[in-house]
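Trainee: Take a look at the following structure, please.
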């Protein structure tokens with residue numbers, strides 16, 4: 063064989079697309095199995111949520127092309143949270159090198175390789191992912207979810223029969239019919255109101271999602287599709303009083319097939335009293351209910367922004383996000399008092415099917431005066447493949463999956479536990495201010511109607527509102543609106559105030 067033949071052969075085989083790591087071909091046993099077993103098999107195995115198993119070469123090779131497509135697009139493994147400044151625990155993200163290896167393996171025939179080099183499957187936790195619970199409770203009667211109709215919001219009561227107060231570190235939720243359970247919010251009730259509402263109903267549970275029995279009920283977190291059970295950080299716990307009833311506020315998204323739901327919950331206690339308390343800073347408040355979300359048909363980038371300044375020093379340990387099918391992008395940043403901006407979370411490609419609480423690897427110190435900014439973007443265009451309406455229709459805030467919501471929640475503990483009251487007070491005031499600010503947006507003419515309502519207080523008809531004439535709802539802002547300090551509010555001053563508030 064002459065030199066030219068060798069060169070030609072090298073060119074042919076070197077450019078033929080044969081996958082290789084260095085000079086070795088890419089094989090399942092040596093290169094692909096470690097990626098799949100450690101990143102995919104957690105869910106893709108018997109008894110877990112994946113629709114098919116990835117525990118053997120045959121199972122993986124059967125869907126090799128599909129695996130290459132969904133990993134290249136980063137649809138799988140499902141992980142949507144990004145942060146340029148902080149790392150999340152248990153990130154389910156493949157590296158570019160891992161994605162390229164899978165692509166090379168598929169392009170070159172998805173060969174098995176030497177069976178002797180196949181790594182053992184990881185030792186997965188069977189059953190309860192957090193270990194054996196201290197207490198397991200379940201619904202005592204199945205609730206029938208119909209095949210068709212509107213989304214259902216229903217609350218279910220499960221007596222805990224606790225003989226004494228407990229400190230709760232975690233809850234692990236197991237839906238009986240995962241195909242129809244979209245999310246469940248947990249709370250406890252010590253008043254008996256929830257139990258009485260349940261007893262009055264002819265079918266298990268009651269309607270209202272907490273609106274009818276809200277007094278005396280306290281949040282214990284929640285679960286949503288794609289969520290992962292986690293323990294609270296060291297030093298934190300929920301207080302669970304004795305004789306509490308567990309209330310599960312559940313959202314059912316009908317699947318076209320009737321299902322029977324019997325939810326099971328595992329509770330994990332600790333004997334150690336918490337060292338601190340914690341809360342969520344939700345922005346916009348109330349899942350966006352106060353933002354007057356009203357998305358025109360065809361609008362690609364309907365956006366709601368929110369801003370909140372911390373009144374105390376806090377440490378953040380987690381963050382979550384929520385929207386429905388039209389959700390496109392959700393982002394939260396923190397601008398520190400010295401002016402540096404940090405990215406707390408950025409979800410660039412929202413997916414209604416995958417919602418989780420993202421816990422940071424370390425506590426994030428956010429001093430008093432830090433400004434938290436959020437942005438929620440919805441896409442109501444025909445180009446949005448997740449849009450449930452074809453053609454697109456006007457969408458407002460609401461409880462149905464085909465309505466919209468949108469918010470981000472930052473989980474924080476105060477640096478000094480005694481200051482939690484100041485934070486809660488500031489958040490309540492922020493909710494009121496945000497509601498007013500959104501009301502003043504030009505969409506729908508709400509600002510004009512508020513202006514008309516204010517000017518109706520002008521009893522003497524001089525075109526201005528004096529301190530004696532100002533309505534109660536405007537009284538607190540009188541001085542800030544009275545720009546020239548003459549003790550009267552003119553139309554121009556009111557318009558400037560509306561503009562400032564509406565564009566916050």
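In the numbering used here, the protein residues as written are 63 to 566.
From the three backbone atoms N, C-alpha and C, an ideal C-beta is built for every residue, glycine too.
Treat the numbers as computed from the prediction; the structure is a model and nothing was measured.
1. Using only CA atoms, which one of 560, 424 and 458 lies nearest to residue 294?
2. State the beta-bridge partners of residue 468 as determined by DSSP.
3. Check each candidate in 390, 248, 351 and 358 and name the one with the smallest Cα separation from residue 496.
4. Pop quiz: residue 553 and residue 523 are said to be a contact at Cβ under 8 angstroms. What is the actual Cβ separation, rounded to whole angstroms?
5. State yes or no: is the beta carbon of residue 537 nearer than 8 angstroms to at least one beta carbon in chain B?
6. Run the CB neighbour count on residue 275, radius 10 Å, all protein chains shown included, and call it buried at 16 or more, exposed below.
7. Taking 8 angstroms as the limit between beta carbons, can you name the residues of its chain near residue 225, skipping five residues before and five after?
8. The beta strand (DSSP E) with residue 340 in it runs from where to where?
9. Decide if residue 388 is buried, meaning its Cβ has at least 16 other Cβ atoms within 10 Å, or exposed.
10. Which residue marks the beginning of the alpha helix (DSSP H) containing residue 537, and which one marks its end?
11. Quick check on residue 353: does DSSP put it in helix, strand or coil?
12. Would you report the Cα separation of residue 210 and residue 532, rounded to the nearest angstrom?
13. So for residue 374, helix, strand or coil by DSSP?
14. Which residue wins for smallest C-alpha separation from residue 427, given the options 473, 86 and 361?
15. Strictly by DSSP, which residues pair up with residue 290?
16. What separation, rounded to the nearest whole angstrom, lies between the Cα atoms of residue 479 and residue 154?
17. Select from 319, 114, 547 and 290 the residue whose C-alpha is nearest the C-alpha of residue 191.
18. Please state the DSSP three-state secondary structure of residue 167.
19. Secondary structure at residue 251, three-state DSSP: helix, strand or coil?
20. Assuming residue 551 is part of the beta strand (DSSP E), what are its boundary residues?
21. Quick test of your reading: residue 398 and residue 470, contact by CB under 8 angstroms. State the CB separation rounded to the nearest angstrom.
22. Evaluate the contact criterion for the stretch 91–105 versus the stretch 178–185: three or more CB pairs, one atom per stretch, below 8 angstroms.
23. Pick out the complete beta strand (DSSP E) segments inside the stretch 432–459, 3 residues or longer, and give them in chain order.
24. For my contact list, residue 164 and residue 123 are in at a C-beta cut-off of 8 angstroms; report their separation, rounded to the angstrom.
25. Could you pull out every residue in the same chain whose Cβ sits closer than 6 angstroms to the Cβ of residue 79, ignoring the five residues on either side in sequence?
26. Give the C-beta separation of residue 262 and residue 219 to the nearest angstrom, bearing in mind that I take them to be a contact with Cβ-Cβ under 8 angstroms.
27. So residue 47 and residue 286 are in contact, right, with Cβ under 8 angstroms, and what is the actual spacing, rounded?
28. In the DSSP assignment, find the beta strand (DSSP E) that holds residue 323 and state where it starts and stops.
29. Can you tell me the Cα-Cα spacing of residue 379 and residue 421, whole angstroms?
30. Leaving out the 5 sequence neighbours to the left and right, which residues in its chain are closer than 7 angstroms to residue 335 when beta-carbon positions are compared?
31. What three-state label does DSSP hand residue 277 in the structure shown?
32. Assuming the contact rule is C-beta atoms closer than 8 angstroms, residue 101 and residue 156 should be a hit. Round their C-beta distance to whole Å, please.
33. Per the DSSP calculation, residue 125 is bridged to which residue(s)?
34. Using only CA atoms, which one of 384, 346 and 241 lies nearest to residue 317?
Mentor: Put simply:
1. Taking the first residue of the chain shown as position 1, residue 294 is located at position 232. Out of 560, 424 and 458, 424 has the C-alpha closest to the C-alpha of residue 294.
2. Taking the first residue of the chain shown as position 1, residue 468 is located at position 406. Answer is 385, bridged to residue 468.
3. As a position in the chain shown, residue 496 is number 434, starting the count at 1. It is 351.
4. The residue given as residue 553 occupies position 491 in the chain shown. The residue given as residue 523 occupies position 461 in the chain shown. Contact flag wrong, Cβ pair sits at about 13 angstroms.
5. Although the question refers to chain B, the structure presented lacks it and comprises just one protein chain.
6. Here residue 275 refers to the residue found at position 213 when the chain shown is read from its first residue. Its pLDDT being 44, under 50, residue 275 is placed unreliably in this model, and the coordinates cannot settle the point.
7. To locate residue 225, count along the chain shown from 1; it is residue 163. Contacts found: 304.
8. For the purposes of this step, residue 340 is identified with residue 278 of the chain shown, where counting begins at 1. In the DSSP annotation of this structure, residue 340 is not part of any beta strand (DSSP E), being labelled neither H nor E.
9. Here residue 388 is taken as the residue at index 326 of the chain shown, counted from 1. With 16 or more other Cβ atoms within 10 Å, it is buried.
10. In the chain shown, the residue the question calls residue 537 occupies position 475. Per DSSP, the continuous alpha helix (DSSP H) segment holding residue 537 begins and ends at 534–537.
11. For the purposes of this step, residue 353 is taken as residue 291 along the chain shown, with counting starting at 1. In the structure shown, residue 353 sits in a helix (DSSP, three-state: H, G or I).
12. Here residue 210 refers to the residue found at position 148 when the chain shown is read from its first residue. Here residue 532 refers to the residue found at position 470 when the chain shown is read from its first residue. Distance between the alpha carbons of residue 210 and residue 532 is about 52 angstroms.
13. Position 312 of the chain shown, counting from 1, holds the residue named residue 374. Residue 374 carries a coil assignment under DSSP once its states are collapsed to helix, strand and coil.
14. Locating residue 427 in the chain shown gives position 365, counting from the first residue. Answer by Cα proximity: 473.
15. For this step, residue 290 is matched to residue 228 along the chain shown. Note: residue 290 sits in no beta bridge, so no partner.
16. Walking along the chain shown from the start, residue 479 turns up at place 417. Walking along the chain shown from the start, residue 154 turns up at place 92. So the two alpha carbons sit approximately 33 angstroms from each other.
17. Translated into positions along the chain shown, residue 191 becomes position 129. For residue 191, the closest alpha carbon among the candidates 319, 114, 547 and 290 is that of 290.
18. As a first step, residue 167 must be located in the chain shown, where it is residue number 105. Helix.
19. By one-based count along the chain shown, residue 251 stands at place 189. In the three-state DSSP reduction, residue 251 falls in the strand class (E or B).
20. Stepping through the chain shown from its first residue, residue 551 is reached at position 489. For residue 551, the enclosing beta strand (DSSP E) covers residues 550–552.
21. Against the chain shown, residue 398 aligns to sequence position 336. Against the chain shown, residue 470 aligns to sequence position 408. Not a contact, Cβ separation roughly 18 angstroms.
22. Contact between the stretch 91–105 and the stretch 178–185 is present: 3 or more CB-CB pairs across the two stretches fall below 8 angstroms.
23. At a cut-off of 3 residues, the continuous stretches assigned as beta strand (DSSP E) that sit fully inside the stretch 432–459 are 433–440.
24. Position 102 of the chain shown holds residue 164. Position 61 of the chain shown holds residue 123. Between residue 164 and residue 123 the beta-carbon gap is near 12 angstroms, outside 8 angstroms, which marks them as no contact.
25. Along the chain shown, one-based indexing puts residue 79 at 17. At residue 79, the pLDDT of 38 sits below 50, so the modelled position is not reliable; the number obtained from the coordinates is stated separately. Cβ-Cβ distances below 6 angstroms link residue 79 to 169 in the same chain, with the five nearest sequence neighbours on each side left out; the list follows chain order.
26. Translated into positions along the chain shown, residue 262 becomes position 200. Translated into positions along the chain shown, residue 219 becomes position 157. Between residue 219 and residue 262 the Cβ distance is about 12 angstroms, and since that is not below 8 angstroms, they are no contact.
27. Any question about residue 47 goes unanswered here, given that the chain covers just 63 to 566.
28. Your numbering for residue 323 matches position 261 in the chain shown. That run of the beta strand (DSSP E) goes 321–323.
29. The residue labelled residue 379 in the question sits at position 317 within the chain shown. The residue labelled residue 421 in the question sits at position 359 within the chain shown. Looking at the two C-alpha atoms, the distance is approximately 6 angstroms.
30. The residue given as residue 335 occupies position 273 in the chain shown. When the five nearest sequence neighbours on each side are left out, the beta carbons in the same chain lying within less than 7 angstroms of the beta carbon of residue 335 are those of 229, in order along the chain.
31. Locating residue 277 in the chain shown gives position 215, where the first residue counts as 1. Here residue 277 scores only 42 on pLDDT, less than 50, and its place in the model should not be relied on; the value that follows carries that caveat. In the three-state DSSP reduction, residue 277 falls in the coil class, being neither helix nor strand.
32. Taking the first residue of the chain shown as 1, we reach residue 101 at position 39. Taking the first residue of the chain shown as 1, we reach residue 156 at position 94. About 6 angstroms; that satisfies the 8 angstroms criterion.
33. Residue 125 sits at position 63 when you count from the first residue of the chain shown. Listed as beta-bridge partners of residue 125 by DSSP are no residues whatsoever.
34. Reading the chain shown from its first residue, position 255 is the one you call residue 317. With respect to the C-alpha of residue 317, the residue from 384, 346 and 241 having the closest C-alpha is 241.
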